[in-house]
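Using the numbering used here, you'd call the opening residue of the sequence shown number 6 and step up by one each time. To start, the structure itself, in structure tokens.
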Amino acid sequence: MILNKPLNILCYEDDEVNQKLLKRVAQTLDAKISIRDNYMRAKTILSTHLVQDYDVIIADYMMPYQDAGSVLNELAETKKTVVFFTCLSQEDFIDNCKKIIGRVPDNFKFVRKATPGMLSKLKDFIRSCA
């Protein structure tokens with residue numbers, strides 16, 4: 006299903022296979038995707054007005070060399086839908102958010118990698134931002 010308006014997706018994902026998968030998902034939705042392979046590259050966008058150019062953010066929760074508390078707080082402050090693409094179970098993800106920042110912000114969504122229905126769930130979250 007192609008969306009009524011092209012969505013702009015900001016993604017930070019360090020795994021090349023996952024990057025290709027996310028590009029393919031964006032292509033099937035006729036969306037534009039900008040992939041940053043580490044959080045510091047995405048941070049330059051998140052910390053400026055440029056974040057307003059994006060409709061949704063897809064974030065790899067387990068990227069190396071990132072301060073999880075800073076990342077989660079900055080993503081929560083964007084007020085954009087943030088889809089975390091992770092190997093964690095949903096319960097572990099929720100527990101980690103609560104331990105690290107004391108809450109699970111309303112704009113956070115969750116898709117577990119390599120599970121049945123993963124692509125459909127990811128597409129549904131992206132479509133909901135249209």
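Idealized CB from N, CA, C, for every residue including glycine.
From D129 to S39, what does the alpha carbon distance come to, in whole angstroms?
Working through the sequence shown from its first residue, we reach residue 129 at position 124. Working through the sequence shown from its first residue, we reach residue 39 at position 34. Straight through space, the alpha carbons of S39 and D129 are spaced by roughly 19 Å.
Quick check on the DSSP output: the alpha helix (DSSP H) that includes V76 runs from which residue to which?
Start at 1 with the first residue of the sequence shown, and residue 76 comes out as number 71. In this chain, the alpha helix (DSSP H) harbouring V76 covers 73-82.
Roughly how far, in whole angstroms, is the beta-carbon of N13 from the beta-carbon of D58, given that I think they are within contact range, below 8 Å?
Start at 1 with the first residue of the sequence shown, and residue 13 comes out as number 8. Start at 1 with the first residue of the sequence shown, and residue 58 comes out as number 53. With a Cβ gap of about 6 Å, N13 and D58 count as contacting.
For M6, count neighbouring C-beta atoms within 10 Å of its own C-beta (all shown protein chains included) and say buried if the count is 16 or more, exposed if not.
In the sequence shown, residue 6 corresponds to position 1, counting from 1. With a pLDDT of only 48 at M6, under the threshold of 50, the placement of this residue in the model should not be trusted; the figure read from the coordinates follows. In summary, M6 is exposed, with fewer than 16 beta-carbon neighbours lying within 10 Å of its beta-carbon over all protein chains present.
At the level of alpha carbons, what is the spacing between L8 and G74?
In the sequence shown, counting from the first residue as 1, residue 8 sits at position 3. In the sequence shown, counting from the first residue as 1, residue 74 sits at position 69. Legend: pLDDT at L8 = 48, less than 50; position of this residue unreliable, value from coordinates given subsequently. C-alpha separation (whole angstroms): 33 Å.
DSSP puts R117 in a beta bridge; with which residues?
Here residue 117 corresponds to residue number 112 of the sequence shown, with the count starting at 1. In DSSP, R117 forms a bridge with T91.
Using only the alpha-carbon positions, how far apart do I105 and I99 sit?
Translated into the one-based positions of the sequence shown, residue 105 becomes position 100. Translated into the one-based positions of the sequence shown, residue 99 becomes position 94. Their backbone Cα atoms lie some 10 Å apart in a straight line.
Between N101 and H54, what straight-line distance do the alpha-carbon atoms span, to the nearest angstrom?
To locate residue 101, count along the sequence shown from 1; it is residue 96. To locate residue 54, count along the sequence shown from 1; it is residue 49. Rounded to the nearest angstrom, the two C-alpha atoms are 28 Å apart.
6 Å Cβ shell around V109 - same chain, five flanking residues per side excluded
Here residue 109 refers to the residue found at position 104 of the sequence shown. Here the set comprises I99, C102.
Apart from the five residues on each side of it in sequence, which residues of its chain come closer than 8 Å, Cβ to Cβ, to T83?
Position 78 of the sequence shown, counting from 1, holds the residue named residue 83. The beta carbon of T83 is closer than 8 Å to those of L51, V56, I62, N112 in its chain, skipping five residues each way along the sequence.
Please state if the CB of K118 and the CB of V88 are separated by a distance shorter than 8 Å.
As a working mapping, residue 88 is identified with position 83 in the sequence shown. As a working mapping, residue 118 is identified with position 113 in the sequence shown. No, these two residues do not count as a Cβ contact at 8 Å.
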